[in-house]
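*Asks:* Quick note, the sequences are listed as chains D and B, same order. In case it helps, the working numbering puts the first sequence at residues 1 to 826. In case it helps, the working numbering puts the second sequence at residues 1 to 243.
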Amino acid sequence: MNAWRLSLRLLRREWRAGELRVLLLAVMVAVAGLTTVGFFTDRVRQALDRQAGQLLGADLVIASDHPLPPGYREAAAKFGLRLARTVSFPSMALYGERTRLAEVKAVSPGYPLRGRLQVSDGPAAPERDAAGIPQPGTVWLERRLLDQLALKVGDQLVLGNARLTVAAVLTREPDRSGNFFSIAPRLMMNWDDLARTGLIQPASRVHYRLLLAGPVRAGAAFRAWAQPRLGRGERLEGVEDARPEVRAALDRGQVYLGLAALVSAVLAGVAVALGARRFMQRHLDSCALMRCFGASQGLIFRLYLYQFLWLGLAASLLGSILGYLAQNVLAYWLAPLFAAGLPQPALSGLPRGVLAGMALLLSFSLPPLLRLSSVPTLRVLRRELGPPRRLGGASYVLGFAVVGGLLLWQAGDIRLGAYALAGLGGTMFLAAAAAWGLIRLLAYFRGGGAWFYGLANVSRRKWGSVVQIVGFALGVMALLLLTLVRGDLMESWRNTLPPDAPNRFVINVQPDQLAPLRRFFSLQRRPVPAFFPMVRGRLVAVNGRPVVAAGYADERARRLVEREFNLSWASRPRRDNQIVAGRWWGDSDRGRPLLSVEQGVARTLGIRLGDRLTYDVAGTRFTAKVANLRKVDWDSFQVNFFVVAAPGLLEGYPASYVTSFYLPPGKGALLNQMVEAFPNLTVIDVAAIMSQVRAVMDRVAGAMEFVFLFTLLAGLGVLYAAIVATRDERLYEAALLRTLGASRRQLFAGQLSEFAVIGLLAGLVAAAGASGAGYLLSTRVLNLPYVFNPWLWGLGVPAAGIGVTLAGLLGTRKILVRPPLETLRA
Amino acid sequence: MQAAGLTKQVESQGRPLVILREVDLRVDAGESVAILGASGSGKSTLLGLLAGLDHPSAGKVWIDGTDLFALNEDGRAALRARMIGFVFQAFHLLPALTALENVMLPLELAGALEARQRARAVMERVGLGGRTGHYPAQLSGGEQQRVAIARAFASHPKLLLADEPTGNLDSGTGARIIDLLFELNREQGTTLLLVTHDGELASRCSRRLKLAAGVLEDELAPQEEAGLNVRRRPPVAAADRAR
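Here is the structure:
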């Protein structure tokens, strides 16, 4: 007989009997959750990348210090990419008697390919989206330049040989890039006017950029094509090279999304494991009987395996389809958040979902199925015989391995996956150990009455109780993570960028201006900001070996060593910096040649702890040892430096100071007064970038809300599976007890005390687990300060106790209403 | 079927406990044999060993000339599929399957053709042609046992092993089940081996053996048999019979 066909027939009978519904639902919810998260995070990732693309003004940029050969443009057109060109260079702008340095940028039609330009018709006029680029013969100026030249919209200024009319105030430029500390205000003009200015001479410092945008695949293909063809002075920049502030926010957002997927995967595994265990227990008789009828172990195993394969396939397909539909609803709902709309998801998510579902179901059901097929045949004569081995942890090694693999796959991040696995394993171990401890403890609670009967049950049903407590604990922990910990994490994430985070940087403050500036802030009744010293120096040698740009393969490293570093000094590490290697210096180290280097730049330049760096500052050299490596939160918008020296080392060199402060909206007058009083200062407005970072945070937070709904569903699935795990046993016992004369009240009291104890214990373990997970997540994965939340315990434990008790009583209410004979005869 | 020196010994609280002691038994084709014994006398253990459901500590069993324990687990299963039918005290119908599907199951496992038609025919034969679609829970005890008998005979076994087939039934129903069992036994020429403490059932077998403290003894004296009967029969059933 064809085992496949027979298995289908048996499957149909099992389905009719309702045996498989819990498993099907568990796998379906799991796969639906996974695929929804998968599809949606894919779309959000694409959208976020595109959003980050706005910071480039494109998906991809080729930047160069010379005019780019036309080959790139031709190839880009062939790959199906849209393109635009920009040229930027510093130049003096003239108006009447006044001249000011401006950062000129000439743009071609189509610019920007991603993001929007915003302009206003005057300094006080409202912002609006710009239609296209400046018309030939006109320019758009940044407000700062307008003020510095005392210009009005409509006036004509002189740029090189050309006279150009100011047509608008430029308020937002998506790809306003470059170093904050070295930029003059923007003057944007049309590409066609460029030649007329006569400003571009062979020796002038000009940046040429070719902006490209289009379908992701075309972009990737072009990138692969162009990378090996880049000439000297040419470099390719993608979204991932965009502003570090926004990139950091994006990375954290993706970690959050990955986390949601992880939690669903874990919960799904637990629900499937509980469901498969119950399936096995309920099929011991069938198996013994089938073997008695002469079915070989192999045949029985194959019959069940095939049934599970069919079931898994059906559940995974249904789940995937459900996931696809659900993510559409989600996308529809969240679409207004994404100005450009959400890109279509990659359909590779469907087979991925099916694969994940099958892996999940089989890995957790194979151990029980293997044991099921080896049930002693003698069980038909002696009911008490179960399968030979205990249902111990060992048989689930495979299941955990597969779930672990799934975690890593879903997380796309080994570290995050490892943390999730460790968290899962730790919680299960903790739950199991706590359950054992309680069971031992309960042995001392001997007494009469129905209440004690419930307690005695907990310890009598040792393995059942352990399984239930572990299941409940994981379910409750997931719920706590989703509600309280998630809120905390999002809160502390947003707190890294509080509403009053500095939105203006002031550079070029001279040492003798420090005191008057502080006084200025006090007089204006504004908090006096901190000023940081800054010395510009070029890195010339590492460990005595001269540094040359050509010696680095990495483009960023080359750029870094070509440029001057901003060196600073400090006696204390900043609060938002974290020492990751070495030690910060003490007061006694004053004047010693010690440096603290940011770990990212250290990695790029291959600098290690203890290396000796030689800097050239205005013609004099000094050498100092790397005393520690620092981690910097670039999305905190605080003034930070790649390299900080111990105090006393740099004091002799010419320094200027830099500060940042929060300028509330509508206080522009303050800025004008400051610039008037200290004309040499340069003020940089980062409010636009900050609002982009905030937008990313808000979007991620919105996406989380929905994604967690599935995780929530999976969590409830686990709770349900944990309740039905011991239902048959309970029904049978209750029937016996009622036959022996137990009243409904006594049964109820027994059930109540048992579920309450299990629920409270699960709540304790879950609160501990959620606290631990929150701590690990915030400190190790998301790099946020950990905030202890007492509500995890204060609310989590009683809520788990009450919730589990209610759900348990509800799930086993049949015990109280079902006639005992019906149970005993079945 | 033949058993020689069949012994079963288990460890119980650190001491060996002998359940069966060197049982020798021979049942010829077409014969019907009853093994009587009180609870705990080792009846079920003996039946389990004869069917190859369990391992003996010593001794051998031959079925149709095949040494049962020279086969591996799956070999014994295959032999059961070919030769042996079972009827249990607790019926052992799968609650999730209809009566007909329960009867079909052994046929399906053996890969038999037209399992449904054959099962339907046997259901007719045991008088349950109208109840094929019912689930075990919807059937009375007697009906459930008839389904179990239909299941056992559906594959035309050469040997039928029955473990207290009337143990869970009242006497009237039990009697009808016994009639059915022997009718089918005659029709199919099946060898019948049953363990019971029901004297009435035993009395219809061609041979009766008694198992006491793990030792199999030859035929019982009729009065001893009757005494056992009276002691074991539940009061309700006894009253029933008196009426």
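Glycine is no exception: its CB is placed at the ideal position from the N, C-alpha and C atoms.
(1) Taking the CB atoms as reference points, tell me whether His156/B and Ala38/B lie closer together than 8 Å.
(2) Would you report the Cα separation of Gly189/B and Ala268/D, rounded to the nearest angstrom?
(3) Evaluate contact between the stretch 272-280 of chain D and the stretch 710-725 of chain D, counting only Cβ atoms and requiring at least three cross-stretch pairs below 8 Å.
(4) Consider the Cβ of Arg176/B: report whether some Cβ of chain D lies at a distance smaller than 8 Å.
(5) Suppose you measure from the CA of Arg744/D to the CA of Ser140/B; what does that come to, to the nearest Å?
(6) Which residue's Cα is closest to the Cα of Gly759/D: Val804/D, Leu740/D, Arg780/D, Ala734/D?
(7) Short of 8 Å Cβ to Cβ, which residues in the stretch 281-298 of chain D face chain B?
(8) Apart from the five residues just before and just after Leu806/D, which ones in its own chain have a Cβ nearer than 6 Å to its Cβ?
(9) Quick check on Phe472/D: does DSSP put it in helix, strand or coil?
(10) Within 10 angstroms of the Cβ of Gly423/D, are there 16 or more other Cβ atoms? Answer buried if so, exposed if not.
(11) Rank Ile815/D, Leu737/D, Ala435/D, Ala218/D by C-alpha distance to the C-alpha of Val757/D and give the top, closest one.
(12) At least one CB of chain D closer than 8 Å to the CB of Pro234/B: is that the case?
(13) Find out if the Cβ-Cβ distance for the pair Ala57/D, Leu236/D is shorter than 8 Å.
(14) Grab the span of the alpha helix (DSSP H) containing Leu6/D for me, first residue to last.
(15) Look at the Cβ atom of Glu101/B, then the Cβ atom of Arg21/D, and state whether they are nearer than 8 Å.
(16) Anything in the stretch 5-31 of chain D with a Cβ closer than 9 Å to a Cβ of chain B? List those residues in chain order, please.
(17) Does any residue of chain B have a CB that is nearer than 8 Å to the CB of Val397/D?
(18) Tell me which residue opens and which closes the beta strand (DSSP E) that Leu193/B is part of.
(19) The stretch 37-56 of chain B: which residues have C-beta closer than 9 Å to a C-beta of chain D, in chain order?
(20) Given a cut-off of 8 Å, decide if Phe400/D and Glu365/D are closer than it, judged by their beta-carbon atoms.
(21) To the nearest angstrom, report how far apart Leu595/D and Trp463/D are at their CA atoms.
(22) Looking at the unbroken beta strand (DSSP E) that takes in Asp64/B, where does it start and where does it end?
(23) Quick one: which chain D residues come within Cβ less than 7 Å of Leu97/B?
(24) If contact is defined by three or more beta carbon pairs under 8 Å, each pair taking one atom from either stretch, is the stretch 548-563 of chain D in contact with the stretch 607-625 of chain D?
(25) Within a Cβ cutoff of 7 Å, which residues of the same chain sit near Asn179/D, ignoring the five residues on either side of it in sequence?
(26) Kindly list, in the order they appear in chain D, the residues whose Cβ is closer than 8 Å to that of Leu94/B.
(27) Report buried or exposed for Ser588/D, applying the criterion of at least 16 other Cβ atoms within 10 angstroms of its Cβ.
(28) Could you check whether the Cβ of Val380/D sits closer than 8 Å to any Cβ belonging to chain B?
(29) Is the number of C-beta pairs between the stretch 184-204 of chain D and the stretch 224-234 of chain D that are closer than 8 Å three or more?
(30) Under the assumption that Leu109/B contacts Gly294/D (Cβ atoms under 8 Å), give the Cβ distance between them as a whole number of angstroms.
(31) Just to confirm, is the Cβ distance from Arg100/D to Gln135/D under 8 Å?
(32) Please tell me whether Ala894/D and Thr659/D are closer than 8 Å, where the distance is taken between their beta carbons.
(33) Using beta-carbon positions only, say whether Tyr111/D and Ala84/D come within less than 8 Å of one another.
(34) Could you check whether Val718/D and Gly319/D sit closer than 8 Å to each other, using their CB atoms as the reference points?
(35) Using 8 Å as the Cβ pair cut-off and three pairs as the minimum, do the stretch 204-212 of chain B and the stretch 23-39 of chain B touch?
(36) Measure the alpha-carbon distance for Ser182/D versus Leu342/D and round it to whole angstroms.
*Replies:* If we stick to the structure as given:
(1) Between His156/B and Ala38/B, the gap from beta carbon to beta carbon reaches 8 Å or more.
(2) In a straight line, the C-alpha of Gly189/B is about 55 Å away from that of Ala268/D.
(3) Segments in contact, yes.
(4) With 8 Å as the cut-off, Arg176/B does not count as an interface residue toward chain D.
(5) Their backbone Cα atoms lie some 28 Å apart in a straight line.
(6) Among Val804/D, Leu740/D, Arg780/D, Ala734/D, the Cα nearest to that of Gly759/D belongs to Val804/D.
(7) Residues passing the 8 Å Cβ filter: Asp285, Ser286, Leu289, Met290, Arg291, Cys292, Phe293, Gly294, Ala295, Ser296, Gln297, Gly298.
(8) There are no such residues.
(9) It is helical.
(10) Flag for Gly423/D reads buried.
(11) The shortest CA-to-CA distance from Val757/D to any of Ile815/D, Leu737/D, Ala435/D, Ala218/D is the one to Ala435/D.
(12) For Pro234/B, the pLDDT reaches just 42, beneath the cut-off of 50, and the residue's location in the model is therefore unreliable, although a value from the coordinates is still provided. It does not: the Cβ of Pro234/B has no partner Cβ on chain D nearer than 8 Å.
(13) This sequence places Gly at residue 57/D; Ala is not what is there. Taking C-beta atoms as the reference points, Gly57/D and Leu236/D fail to come closer than 8 Å.
(14) Segment 3-16, the alpha helix (DSSP H) holding Leu6/D.
(15) No, the pair does not count as a contact, with Cβ atoms beyond the cut-off.
(16) Taking 9 Å as the cut-off between beta carbons, the residues of the stretch 5-31 of chain D near chain B are Leu6, Arg9, Leu10, Arg13, Glu14, Arg16, Ala17, Gly18, Glu19, in sequence order.
(17) Residue-level contact by beta carbon fails for Val397/D and chain B, as no gap is shorter than 8 Å.
(18) Leu193/B -> beta strand (DSSP E) spans 191-196.
(19) For the stretch 37-56 of chain B, which is checked against every Cβ of chain D, the residues closer than 9 Å are Ser44, Thr45, Leu47, Gly48, Ala51, Gly52, Leu53, Asp54.
(20) Sequence check: residue 365/D is Ser here, not Glu. Pairing Ser365/D with Phe400/D gives a Cβ-Cβ distance that is not under 8 Å.
(21) Take the alpha-carbon of Leu595/D and the one of Trp463/D: they are about 58 Å apart.
(22) Premise fails: Asp64/B is in no beta strand (DSSP E) and is neither H nor E.
(23) Chain order gives the chain D residues near Leu97/B as Arg13, where near means a beta carbon separation below 7 Å.
(24) Taking a contact to require three or more Cβ pairs closer than 8 Å, the stretch 607-625 of chain D and the stretch 548-563 of chain D do not qualify as touching.
(25) Summary for Asn179/D: the model assigns pLDDT 44, below 50, so the residue's position carries little reliability, and this model does not support an answer.
(26) The answer, in chain order, is Asp285, Ser286, Leu289.
(27) Flag for Ser588/D reads exposed.
(28) Chain B contact via Cβ: present.
(29) Not touching, per the Cβ criterion.
(30) The pair is a contact, with the Cβ atoms about 7 Å apart (cut-off 8 Å).
(31) Result no, Cβ atoms of Arg100/D and Gln135/D do not sit closer than 8 Å.
(32) Shown here, chain D extends from 1 to 826; a query on residue 894/D therefore has no answer.
(33) Their beta carbons are under 8 Å apart, which means Tyr111/D touches Ala84/D by this criterion.
(34) Cβ distance not < 8 Å, so Gly319/D and Val718/D don't count as in contact.
(35) The stretch 204-212 of chain B, when compared against the stretch 23-39 of chain B, does touch it at the 8 Å Cβ threshold.
(36) Interpretation of Ser182/D is limited by its pLDDT of 47, a score under 50 that renders its predicted location unreliable; no figure is taken from the coordinates.
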